[in-house]
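One structure is given here, and the rest of the page talks about it.
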Amino acid sequence: MKIRYMLLHAYGMGGTIRTVLNQANAMAAAGHDVEVISTVRRRDEPQFEIDSRVRVTALADQRGGVRPDSVGRRAWRMMRGRIVPVGEFKADWFTERVERAVIDYVSSLTDGILVTTRPALNLISARRTPESVVRVAQDHMNLDTYPETVRSDIARYYGRLDAVVTLTASDREDYRKLLPGTRVEWVPNAVATVGRAPTRQENPLVVAAGRLVGQKGFDLLIPAFKQVVARNPEWNLRIFGTGPKKADLAKLIAEHGLAGNVTLMGRSDRLDQELAKASIYVLSSRFEGLPMVMIESMAHALPIVAFDCPTGPGDVLTHDHDGLLVPARDVDALAAGVNRLIADRELRVRMGAAAAATALEYSPQKVMPLWERMFADLAAAR
Numbered sequence: 001m002k003i004r005y006m007l008l009h010a011y012g013m014g015g016t017i018r019t020v021l022n023q024a025n026a027m028a029a030a031g032h033d034v035e036v037i038s039t040v041r042r043r044d045e046p047q048f049e050i051d052s053r054v055r056v057t058a059l060a061d062q063r064g065g066v067r068p069d070s071v072g073r074r075a076w077r078m079m080r081g082r083i084v085p086v087g088e089f090k091a092d093w094f095t096e097r098v099e100r101a102v103i104d105y106v107s108s109l110t111d112g113i114l115v116t117t118r119p120a121l122n123l124i125s126a127r128r129t130p131e132s133v134v135r136v137a138q139d140h141m142n143l144d145t146y147p148e149t150v151r152s153d154i155a156r157y158y159g160r161l162d163a164v165v166t167l168t169a170s171d172r173e174d175y176r177k178l179l180p181g182t183r184v185e186w187v188p189n190a191v192a193t194v195g196r197a198p199t200r201q202e203n204p205l206v207v208a209a210g211r212l213v214g215q216k217g218f219d220l221l222i223p224a225f226k227q228v229v230a231r232n233p234e235w236n237l238r239i240f241g242t243g244p245k246k247a248d249l250a251k252l253i254a255e256h257g258l259a260g261n262v263t264l265m266g267r268s269d270r271l272d273q274e275l276a277k278a279s280i281y282v283l284s285s286r287f288e289g290l291p292m293v294m295i296e297s298m299a300h301a302l303p304i305v306a307f308d309c310p311t312g313p314g315d316v317l318t319h320d321h322d323g324l325l326v327p328a329r330d331v332d333a334l335a336a337g338v339n340r341l342i343a344d345r346e347l348r349v350r351m352g353a354a355a356a357a358t359a360l361e362y363s364p365q366k367v368m369p370l371w372e373r374m375f376a377d378l379a380a381a382r
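Its first residue numbered 1, the sequence shown is counted upward by one per residue in the UniProt record's numbering.
Below is the structure:
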């Protein structure tokens, strides 16, 4: 099969980029003709490994800088001259030049499968990709996260697509209610689980990871960990990741007097080894799609404490079995969950073993055949 994956920025960092490139690599390894289309290019080299059999094409090379729309042009486009709706999380990336490049590209296709990976690209594909192409839209977040401007366009145009794919079963049901008659499937992201060293539960260490942005809720985790340190002063928290909230989080750590217990670790190329050193993984997100690093942590037999935020943690974890789910944004409950695991090593070991078993359900061996069967079915129907 000829499969094209379209990303906003295949040369960047982030969970969506990593998981889509993993899909592309796996499909190429299975013998398919695979191409990755990067809407923009702002770096010389990709940040994640791309199989040599996967072709990579960039539509708008922005390594020399971004050419924004003029003020007048931007105002006109906001009213009537654009497909990407205001409120799409990366709408600012879709200048007139970028949006036109995507429209021209998808309009030129005649065959194969086109997989688009965010609302902006999904909407352009729905409205401009010829029907001779199998059009598959992935949602790497969840429907309720999007503002009304985006949801209304999803309701209006996604029905033109051949399939919409969600990361969780709960999000699939939300899409089916919104898009009756449209094929909506649930296929989780694959997580490599083989060869991950299990934690030995020896270090008084809690780990969290993700982009340093408001979505990840590290501003809630830090005050929660102040309560943890009050009862367990020998325990430490390491937060891995980079992002625009770094200075704010560093200030929050200082304000809570946690400089000796909480560390912003930045990006790590050895995160799997860092996870194996830890004893607990915490997810403090305000909302999620499918929390990949959490599942990777589970593959290291780490017990989880997670906010039961919209989609993601509750779709993966079973409370009191492979982790603890606490009310979303409840700082006190998050602290209590961490303290409960710290106080009971046997509980950590038991939950960690169950977490490792759960993580196996997200292995490439389980997930990739789902994609292949769906693509083959859609292509045969075409």
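C-beta atoms are modelled at their ideal positions from N, C-alpha and C, and glycine is treated no differently.
With respect to the C-alpha of Thr-16, the residue from Leu-360, Met-351, Gly-64, Gly-210 having the closest C-alpha is Gly-210. As for any beta strand (DSSP E) of minimum length 3 sitting wholly inside the region 22-99, the runs are 33-41, 55-61, ordered along the chain. For Phe-375, the secondary structure class from DSSP, reduced to helix, strand or coil, is helix. Residue pairing for Met-1: DSSP places it in no beta bridge.
Following the DSSP letters along the chain, one finds Asn-339 inside the alpha helix (DSSP H) bounded by residues 331-342. Short of 6 Å from the beta carbon of Asp-174, and not among the five residues preceding or following it, lie these beta carbons of its own chain, in chain order: Leu-143. Put simply, the backbone Cα of Pro-303 is about 9 Å away from that of Ala-356. In the DSSP annotation of this structure, the continuous segment of the beta strand (DSSP E) that includes Glu-185 starts and ends at 184-186. DSSP, reduced to helix, strand and coil, places Met-13 outside both helices and strands of the structure shown, so it counts as coil.
Our two residues, Thr-193 and Thr-168, have alpha carbons roughly 19 Å apart in a direct line. Bridge pairing for Leu-324: Val-305 [DSSP]. Scanning the region 113-196 from its first residue to its last, the whole beta strand (DSSP E) runs of 3-plus residues come out as 113-116, 134-138, 163-166, 184-186.
In the three-state DSSP reduction, Arg-348 falls in the helix class (H, G or I). By the Cβ neighbour-count rule, Val-66 is exposed, with fewer than 16 other Cβ atoms within 10 Å of its own.
Between the C-alpha atoms of Ala-155 and Arg-63 there is a straight-line separation of about 35 Å. Taking C-alpha positions only, Glu-35 is separated from Asp-61 by approximately 17 Å.
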